[in-house]
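At position 93 of the sequence shown the residue is numbered 101 (this note's numbering), and the sequence of numbers has no breaks. Yeah, the Cβ is synthetic: ideal placement off N, Cα and C, and Gly gets one too. Nothing here was measured: the structure is a model prediction, and the numbers come from that model.
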Amino acid sequence: MVSVGYPHELLHYTYDPSFPTRGLVIDSKYGNLLKVDSNGNILVCSHGFTFLNGEDIQKYYPNKFIQRDDTDRFYILNTLFNLSETYLYTCLVDFFTRCSRYTNLEKGFQHGDLFMSYRSMFQDLRDAMDFIHDMGALKGHTVKNLEKYVIKDPNLPVLLTRLKVTAKVFLVTNSDYSYTKAIMKYLLDSNVKSGNQKESWRSYFDVIVVDTKKPLYFGEGTVLRQVDTNTGKLRIGTYTGDLQHGTVYSGGSSDFISDLLEVKGKDILYVGDHIFGDILKSKKHQGWKTFLVVPELNKELQIWDKKQSMFEELKRLNFFLAELYKHLDSGSQECPDIIAIQTRMNVLTHRMDMSYVQMGSLLRSGSRQTLFASQLLRYADLYSATCLNLLHYPFNYHFMAPPVLMPHESVLQQSTDFASTELTVTNNIVKMTRN
Numbered sequence: 009m010v011s012v013g014y015p016h017e018l019l020h021y022t023y024d025p026s027f028p029t030r031g032l033v034i035d036s037k038y039g040n041l042l043k044v045d046s047n048g049n050i051l052v053c054s055h056g057f058t059f060l061n062g063e064d065i066q067k068y069y070p071n072k073f074i075q076r077d078d079t080d081r082f083y084i085l086n087t088l089f090n091l092s093e094t095y096l097y098t099c100l101v102d103f104f105t106r107c108s109r110y111t112n113l114e115k116g117f118q119h120g121d122l123f124m125s126y127r128s129m130f131q132d133l134r135d136a137m138d139f140i141h142d143m144g145a146l147k148g149h150t151v152k153n154l155e156k157y158v159i160k161d162p163n164l165p166v167l168l169t170r171l172k173v174t175a176k177v178f179l180v181t182n183s184d185y186s187y188t189k190a191i192m193k194y195l196l197d198s199n200v201k202s203g204n205q206k207e208s209w210r211s212y213f214d215v216i217v218v219d220t221k222k223p224l225y226f227g228e229g230t231v232l233r234q235v236d237t238n239t240g241k242l243r244i245g246t247y248t249g250d251l252q253h254g255t256v257y258s259g260g261s262s263d264f265i266s267d268l269l270e271v272k273g274k275d276i277l278y279v280g281d282h283i284f285g286d287i288l289k290s291k292k293h294q295g296w297k298t299f300l301v302v303p304e305l306n307k308e309l310q311i312w313d314k315k316q317s318m319f320e321e322l323k324r325l326n327f328f329l330a331e332l333y334k335h336l337d338s339g340s341q342e343c344p345d346i347i348a349i350q351t352r353m354n355v356l357t358h359r360m361d362m363s364y365v366q367m368g369s370l371l372r373s374g375s376r377q378t379l380f381a382s383q384l385l386r387y388a389d390l391y392s393a394t395c396l397n398l399l400h401y402p403f404n405y406h407f408m409a410p411p412v413l414m415p416h417e418s419v420l421q422q423s424t425d426f427a428s429t430e431l432t433v434t435n436n437i438v439k440m441t442r443n
């Protein structure tokens, strides 16, 4: 960003992993960073590193709601790559907001006769991120520092070896062959020092496809080519032959995988970490079974274990709110005092959010699920912190989600759960006791 004209003071910022989470939304009109639920209702809002309260949020969004489908204005940050992008955009907004050389306006900043909008700032950031990926700078740096950036687990070749005994295994990636080869050799090829015969990483897969251009791959796709593994170059012409073990292909479409492996979409379990490019598109377009890798789950589970009592209290407060209105109808003039309960719920939600990163949990804000969580539940058949957890199950295991009660079905269950709990509201303090 500095190389294209942005102030050198931006170099003083250092990435702080405790601030961003995935699933946030950038509002390129006002420069705000939003956390929303599945319907677009705003859960958290920040401008730079300043978190806005309810009144400030309503100045920008009177209904505390956004139209997520307005993709020209709102950009969803769902991938792991987006974490650094999220933080950098926050730094940009924070810097220009605080810098005395610039005048703060509703939709950007003024400096003399120059106006810089939040939208143009965001576009510059997007162009910079695309440049890093397209020119190979990020991948080149990664390949030179594999031990630093790539997590190697000895259980990965174990999982792939066991899978191949009972199923066909394929690798589909947007990366080119040279980068894929470097990563997979590091992860899968045997250690020469161990004395074992070195085995090619390609032997773990029945089909390998690079340069897939997902999510386009799950639709019309691109031209299917064969890769010369000796040179890394593509062979001329479209590939029309049969499956060859260990052969590497480039491009094509997901239909090619089904045809080549002679399987139907419902018989494929596809593992990926991109909720849009991997999971949503493969599910909607091909009907594949999907497994979403969510690395943040390890931390989410640790915090959930420690803070679950807060969530249980939130559930009880929700129940008590309903109880206050239980015997009232449209003819009632009584107006229950719920301020203390709402205040306590807000306090609990804030305390729960602060247990995670500054923008809160990836999956919820208090008792409300985030946009990311709703997409996960809708499109992922399975999800876990790592695909290596499959090692803990037999490969003929039938995964089934527990039955979920609809709201009208859960009324009796809630009444039973909380029947022995009393609520006392005194001096705006909510106190709950068990009988």
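Item	Value
Quick one: using the 10 Å Cβ neighbour count with 16 as the cut-off for buried, is ALA388 buried or exposed?	buried
Residues bridged to SER363 by DSSP?	Answer is none; SER363 lacks a bridge partner.
Is the segment 214-234 close to the segment 173-184, with three or more CB pairs under 8 Å?	yes
Between which residues of its own chain and HIS16 is the CB-CB distance below 7 Å, once the five residues before and five after are set aside?	VAL10
Helix, strand or coil for PHE178 per DSSP?	strand
Alpha carbon to alpha carbon, how far is LEU379 from TYR401?	30 Å
For the alpha helix (DSSP H) holding HIS149, just list the boundary residues, first then last.	145-152
So for GLN350, helix, strand or coil by DSSP?	helix
Across which residues does DSSP place THR298 in a beta bridge pair?	TYR278
When the Cβ atoms of the segment 28-45 are set against those of the segment 365-380, are three or more pairs found closer than 8 Å?	yes
How would you label LYS189, buried or exposed, when you count the other beta carbons within 10 angstroms and need 16 or more for buried?	buried
Secondary structure at GLN66, three-state DSSP: helix, strand or coil?	helix
Tell me which residue opens and which closes the beta strand (DSSP E) that TYR83 is part of.	82-85
Taking just the CA atoms, how far does LYS193 sit from LEU396?	18 Å
Would a C-beta distance cut-off of 8 Å place VAL235 and THR246 closer than the cut-off?	no
In its own chain, which residues sit with a C-beta less than 6 Å from the C-beta of PRO223, not counting the 5 before and 5 after it?	GLY285, LYS289
Measuring only the C-alpha atoms, how far is LYS358 from LEU88?	Reading off the sequence shown, one finds His at residue 358, where the question assumed Lys. Going from the Cα of HIS358 to the Cα of LEU88 covers about 24 Å.
What residue range is occupied by the uninterrupted beta strand (DSSP E) comprising TYR391?	390-392
Can you give me the Cβ contacts of GLN294 inside the same chain, cut-off strictly under 7 Å, excluding the 5 residues immediately before and after it?	PHE226, SER262, GLY273
Using three-state DSSP, classify TYR185 as helix, strand or coil.	helix
Just mark ARG233 as buried or exposed, buried being the case when its beta carbon has 16 or more other beta carbons within 10 Å.	buried
From the DSSP output, in three-state form, read off TYR14 for me.	coil
How about the segment 44-57 and the segment 364-375: do they share at least three Cβ pairs that are nearer than 8 Å?	yes
How long is the line joining the alpha carbons of THR22 and CYS99, rounded to whole angstroms?	9 Å
Could you tell me if VAL256 is buried or exposed, where buried requires 16 or more neighbouring beta carbons within 10 angstroms of its beta carbon?	buried
Taking its Cβ as the centre, do 16 or more other Cβ atoms sit within 10 Å of GLY368, making it buried, or is it exposed?	buried
DSSP beta-bridge partners for MET129?	According to DSSP, MET129 bridges with nothing at all.
Just to confirm, are ILE349 and LEU329 a CB contact at a threshold of 8 Å?	yes
Can you grab the Cα-Cα spacing for the pair SER258 / LEU242, in whole Å?	8 Å
The alpha helix (DSSP H) with SER266 in it runs from where to where?	262-269
Compare the Cα-Cα distances from GLN131 to each of TYR97, ARG109, ILE159, CYS107 and report the closest residue.	TYR97
So THR105 and GLY56 are supposed to be a Cβ contact under 8 Å. How far apart are they, rounded?	5 Å
Quick one, are the C-beta atoms of MET362 and MET318 less than 8 Å apart?	no
Decide if LYS67 is buried, meaning its Cβ has at least 16 other Cβ atoms within 10 Å, or exposed.	exposed
Apart from the five residues on each side of it in sequence, which residues of its chain come closer than 6 Å, Cβ to Cβ, to THR340?	The residue you asked about is not Thr; residue 340 is Ser in the sequence shown. Excluding positions up to five away in sequence, the list is empty.
Please confirm whether LEU133 has its beta-carbon closer than 8 Å to some beta-carbon of chain C.	This model lacks chain C altogether; it includes just one protein chain.
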